[in-house]
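Protein chains: 2
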Amino acid sequence: MPYPEWLQAPKKVDLSKISTRGEKDPNGKKISREKAEAKHAENIAALEELQFKLSAESKHKILIVFQAMDTAGKDGAIRKVFGPLNPQGVRVHSFKKPTEKELSHDYLWRVHQHTPETGHIQIFNRSHYEDVLVVRVHNLVPEEQWKKRYEHIRNFEKLLADEGTMIMKFMLHISPEEQKERLEKRLQDPERVWKFRKGDLDERKLWAKYQEAYEVAIEETHKDHAPWYIIPADKKWYRNYVLSTIMREHLERLDLKWPLAEEGLDEVVVEDL
Amino acid sequence: MPYPEWLQAPKKVDLSKISTRGEKDPNGKKISREKAEAKHAENIAALEELQFKLSAESKHKILIVFQAMDTAGKDGAIRKVFGPLNPQGVRVHSFKKPTEKELSHDYLWRVHQHTPETGHIQIFNRSHYEDVLVVRVHNLVPEEQWKKRYEHIRNFEKLLADEGTMIMKFMLHISPEEQKERLEKRLQDPERVWKFRKGDLDERKLWAKYQEAYEVAIEETHKDHAPWYIIPADKKWYRNYVLSTIMREHLERLDLKWPLAEEGLDEVVVEDL
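Those sequence lines, one after another, are chains A and B.
Quick note on numbering: full-length UniProt numbering labels position 249 of the first sequence as 249, and the sequence is numbered without any gaps.
Quick note on numbering: full-length UniProt numbering labels position 29 of the second sequence as 29, and the sequence is numbered without any gaps.
As structure tokens, this is what we get:
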């Protein structure tokens with residue numbers, strides 16, 4: 001399956017050299033907020049129809065992975081791009097700290113249970129990538145163990161793709177300055193302050209280590225059948241526009257078809273009761 | 001928990017005497033389409049905020065059951081009322097013909113697995129009620145077996161409610177004339193004709209038997225903690241307006257609160273990196 005290359009991760013990833021603002025269209029031209037919002041609305045309308053077909057045809061499975069630093073907007077992105085779709089065909093699973101039971105299995109065990117069924121879009125809010133991100137940064141398992149995981153993940157995603165799952169992986173890319181602003185805003189908003197954990201600041205101090213872990217994870221697992229997109233996410237309107245554009249392009253490439261009608265419907269008459 | 005009584009099932013249910021058109025507001029006054037649509041949009045905006053709180057507070061669980069005759073609009077209702085909400089907090093499960101594995105358990109086994117977790121809204125598109133509807137109409141199990149199920153279902157829903165689940169059950173009520181129109185429309189629409197099954201017409205002929213099965217099921221299981229609402233569904237705009245109004249009223253009664261912020265946040269400073 002050939003994928004469009006717009007915003008796909010390069011072979012060698014240096015996040016510090018990739019814009020967190022974007023503001024360009026797929027042709028590299030600057031795009032205004034107004035135009036991007038109009039395009040996003042168009043994309044959403046198209047996605048509603050595409051999803052209806054995806055579900056009716058019941059042939060493909062879609063897996064979307066969201067990974068990002070804290071405050072980068074995973075929740076907002078999910079709401080703005082997938083909220084308008086039919087909830088019947090969209091599932092979101094948020095991977096939290098593994099439970100005792102989950103830890104007693106290999107780390108892909110719980111992930112496999114939430115992979116999409118035919119006709120569905122499954123969204124991972126965080127994912128198995130945490131097992132080479134937070135786990136690596138904090139050495140939650142020894143290096144010789146997490147080092148092997150890139151290969152496991154490649155093999156796992158190959159299995160999914162070979163068996164009919166279209167995979168897209170989105171890293172929402174923000175700058176540390178933008179994160180600072182968002183954390184400060186959170187502290188000041190009485191309706192959002194409950195989200196703030198002092199521990200978030202300790203994680204923030206590990207910014208460079210996390211960026212490095214992301215770079216390695218992306219390089220190690222970026223494949224044609226499971227591409228990584230690095231989404232400039234400092235501007236929410238740009239992030240949404242980019243995500244809906246990429247989603248739409250992918251679903252259009254599936255060339256979805258309405259299922260065939262049963263035969264002999266021409267003669268059918270619906271009678272009064 | 002006291003529930004508003006608007007459109008709740010009466011003690012003795014005679015569906016033939018209950019309007020399939022509605023077109024009235026909770027005070028019994030006629031409502032125009034325009035006004036109902038405006039009110040529905042308002043309800044949706046309120047529901048978005050309520051759901052955010054529901055999810056943040058993570059205290060209550062919500063279970064919504066949709067049951068209806070074919071073409072009555074379960075899918076459309078789910079899309080129009082729950083589509084705009086954050087997909088992260090809404091799950092839809094469609095109960096289809098049970099699998100071999102599911103049949104090897106009691107009929108509530110598969111249902112229990114999909115009951116909502118805290119902070120979530122779980123929607124059942126069809127439900128355990130099929131086990132006293134289609135099963136009864138077609139005698140898929142002997143009468144002495146399905147007769148006992150009303151009690152099982154009462155006990156099951158009591159358990160869920162006692163353990164913190166708010167339950168609402170919606171029967172979308174259409175007339176046989178409206179169903180005829182919708183089936184004919186489906187036959188003529190090239191994008192929807194694949195949905196048509198000749199077998200649907202055999203089911204349609206059992207209309208009276210199904211209505212009776214609904215009446216008994218509703219009477220047997222309508223409880224304060226698990227009320228049935230009979231939603232006039234011939235007009236889609238009215239159906240949507242009613243559903244969002246009832247949903248909103250229920251969520252408002254929960255008196256949802258933002259979680260408390262961590263202590264000592266006043267002194268927190270987010271530092272530059």
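Idealized CB from N, CA, C, for every residue including glycine.
Contact with chain B by alanine 233 of chain A, beta-carbon distance below 8 Å = Translated into the one-based positions of the first sequence, residue 233 of chain A becomes position 233. No - not a single Cβ of chain B is within 8 Å of the one on alanine 233 of chain A.
Would DSSP call glutamine 113 of chain A helix, strand or coil?
-> For the purposes of this step, residue 113 of chain A is taken as residue 113 along the first sequence, with counting starting at 1. Of the three classes helix, strand and coil, the one that applies to glutamine 113 of chain A here is coil, per DSSP.
Minimum Cβ-Cβ distance from valine 65 of chain A to chain B less than 8 Å | Here the question's residue 65 of chain A lines up with position 65 in the first sequence. Taking Cβ atoms only, chain B never reaches closer than 8 Å to valine 65 of chain A, which makes this a no.
Can you give me the start and stop residues for the beta strand (DSSP E) that serine 94 of chain A sits inside?
-> By 1-based counting over the first sequence, the position of residue 94 of chain A is 94. Counting along the chain, the beta strand (DSSP E) containing serine 94 of chain A begins and ends at 90–94.
Check alanine 46 of chain A in the structure and name its three-state DSSP category.
-> Reading the first sequence from its first residue, position 46 is the one you call residue 46 of chain A. In the structure shown, alanine 46 of chain A sits in a helix (DSSP, three-state: H, G or I).
Residues of the segment 169–199 of chain A whose Cβ lies closer than 7 Å to any Cβ of chain B, in chain order | Pro176, Lys180, Leu183, Glu184, Leu187, Glu191, Val193, Trp194, Phe196, Arg197 and Lys198
With a threshold of 7 Å, establish whether the CB of histidine 225 of chain A neighbours any heavy atom of the ligand ATP.
-> As far as ligands go, the structure on display features none, and thus does not contain the ligand ATP.
Give a yes or no on whether 8 Å exceeds the smallest Cβ distance from valine 242 of chain A to chain B.
-> Taking the first sequence and counting its residues from 1, the one referred to as residue 242 of chain A is at position 242. So no, valine 242 of chain A is outside the interface.
Are the C-beta atoms of glycine 119 of chain B and some chain A residue less than 8 Å apart?
-> Residue 119 of chain B sits at position 119 when you count from the first residue of the second sequence. No, because no Cβ of chain A sits closer than 8 Å to the Cβ of glycine 119 of chain B.
Amino acids of chain B, ordered along the chain, whose beta-carbon sits closer than 7 Å to that of alanine 161 of chain A = Position 161 of the first sequence, counted from the first residue, corresponds to residue 161 of chain A. Going along chain B, no residue has its Cβ under 7 Å from alanine 161 of chain A, so there is no contact; the nearest lies around 24 Å.
Quick one: what's got a C-beta closer than 6 Å to arginine 154 of chain B's C-beta in the same chain, skipping five residues either side?
-> Against the second sequence, residue 154 of chain B aligns to sequence position 154. Hits under 6 Å: Thr221.
Can glutamine 122 of chain A and isoleucine 62 of chain A be called in contact, C-beta distance under 8 Å?
-> The residue labelled residue 122 of chain A in the question sits at position 122 within the first sequence. The residue labelled residue 62 of chain A in the question sits at position 62 within the first sequence. Taking 8 Å as the Cβ cut-off, glutamine 122 of chain A and isoleucine 62 of chain A qualify as a contacting pair.
Among the residues of its own chain, which have a CB less than 7 Å from the CB of arginine 110 of chain B, if the five just before and after it don't count?
-> For the purposes of this step, residue 110 of chain B is taken as residue 110 along the second sequence, with counting starting at 1. Cβ within range, chain order: Pro98 and Glu102.
Applying the criterion that 16 or more other CB atoms from any shown protein chain within 10 Å of the CB defines a buried residue, is residue 319 of chain A buried or exposed?
-> Nothing in the structure corresponds to residue 319 of chain A, since chain A is present only between 1 and 273.
Under a Cβ-count criterion, where at least 16 other Cβ atoms within 10 Å of its own Cβ denotes burial, should leucine 159 of chain A be classed as buried or exposed?
-> Translated into the one-based positions of the first sequence, residue 159 of chain A becomes position 159. Leucine 159 of chain A comes out exposed.
What three-state label does DSSP hand alanine 9 of chain B in the structure shown?
-> Locating residue 9 of chain B in the second sequence gives position 9, where the first residue counts as 1. Looking at alanine 9 of chain B - three-state DSSP - the assignment turns out to be coil, as it is neither helix nor strand.
When the cut-off is 8 Å and only beta carbons count, does serine 58 of chain B lie next to chain A?
-> On the second sequence, position 58 is the one that residue 58 of chain B refers to. No, no contact with chain A.
Collapsed DSSP secondary structure at alanine 68 of chain A in the structure displayed = Residue mapping note: residue 68 of chain A aligns to position 68 of the first sequence, counting from 1. It is a strand residue.
Indicate whether alanine 233 of chain B and threonine 20 of chain B have their beta-carbon atoms separated by less than 8 Å.
-> Numbered from 1 along the second sequence, position 233 holds the residue referred to as residue 233 of chain B. Numbered from 1 along the second sequence, position 20 holds the residue referred to as residue 20 of chain B. It is a contact, given that the beta carbons lie within the stated cut-off.
Using three-state DSSP, classify proline 87 of chain A as helix, strand or coil.
-> Sequence index remark: in the first sequence, residue 87 of chain A carries index 87 (1-based). DSSP places proline 87 of chain A in helix when its eight states are reduced to three.
Cα separation between leucine 260 of chain B and glutamate 249 of chain B?
-> Along the second sequence, one-based indexing puts residue 260 of chain B at 260. Along the second sequence, one-based indexing puts residue 249 of chain B at 249. Rounded to the nearest angstrom, the two C-alpha atoms are 24 Å apart.
Near lysine 74 of chain A, what residues of its chain come up, given a Cβ to Cβ distance below 7 Å and the 5 sequence neighbours on each side ignored?
-> Residue numbering aside, residue 74 of chain A sits at position 74 when the first sequence is read from its first letter. Cβ within range, chain order: Phe66, Ala68, Asn125 and Leu172.
Helix, strand or coil: which one does DSSP assign to asparagine 139 of chain B?
-> The residue labelled residue 139 of chain B in the question sits at position 139 within the second sequence. Correct three-state label for asparagine 139 of chain B: coil.
Relative to chain A, which residues along the segment 100–115 of chain B have a C-beta separation below 9 Å, given in chain order?
-> none
Would you be able to state if there are at least three C-beta pairs under 8 Å between the segment 72–92 of chain B and the segment 81–88 of chain A?
-> yes
In chain order, what residues of the segment 85–97 of chain B put their CB closer than 8 Å to some CB of chain A?
-> Leu85, Asn86, Pro87, Gln88, Val90, Arg91, Val92 and Ser94
Sheet register partners of threonine 165 of chain B (DSSP bridge) | Sequence index remark: in the second sequence, residue 165 of chain B carries index 165 (1-based). Threonine 165 of chain B pairs with B:Lys61.
Simplified DSSP assignment, three categories, for histidine 173 of chain B = Locating residue 173 of chain B in the second sequence gives position 173, where the first residue counts as 1. Residue state, collapsed to three classes: strand.
Exposed unless 16 or more other CB atoms sit within 10 angstroms - verdict on glycine 199 of chain A = Position 199 of the first sequence, counted from the start, is the residue given in the question as residue 199 of chain A. Classification of glycine 199 of chain A: exposed, given that the 10 Å Cβ count is below 16.
Whose C-alpha, out of A:Glu219, A:Lys185 and A:Asp162, is nearest the C-alpha of histidine 225 of chain A?
-> The residue labelled residue 225 of chain A in the question sits at position 225 within the first sequence. When each option's Cα is compared against that of histidine 225 of chain A, the closest is A:Asp162.
Just the C-alpha distance for glutamate 34 of chain B and phenylalanine 52 of chain A, rounded to the nearest angstrom, thanks.
-> Position 34 of the second sequence holds residue 34 of chain B. Position 52 of the first sequence holds residue 52 of chain A. So the two alpha carbons sit approximately 27 Å from each other.
Could you check the C-alpha separation between glutamate 191 of chain A and glutamate 48 of chain B for me, to the nearest Å?
-> Position 191 of the first sequence, counted from the start, is the residue given in the question as residue 191 of chain A. Position 48 of the second sequence, counted from the start, is the residue given in the question as residue 48 of chain B. For glutamate 191 of chain A and glutamate 48 of chain B, the distance between alpha carbons rounds to 14 Å.
Lysine 223 of chain B - DSSP class collapsed to helix/strand/coil = Taking the first residue of the second sequence as position 1, residue 223 of chain B is located at position 223. Strand.
Under 8 Å Cβ-Cβ, which residues of chain B neighbour arginine 79 of chain A?
-> The count along the first sequence starts at 1 and reaches residue 79 of chain A at position 79. Under the 8 Å cutoff, chain B gives Asn86, Pro87 and Gln88.
Could you list which residues in chain B have their beta carbon closer than 7 Å to that of alanine 261 of chain A, in chain order?
-> As a first step, residue 261 of chain A is located in the first sequence; it is residue number 261 there, counting from the start. The answer, in chain order, is Val193, Trp194 and Phe196.
Residues of chain A with CB under 8 Å from phenylalanine 82 of chain B, in chain order?
-> Translated into positions along the second sequence, residue 82 of chain B becomes position 82. Correct list: Pro87.
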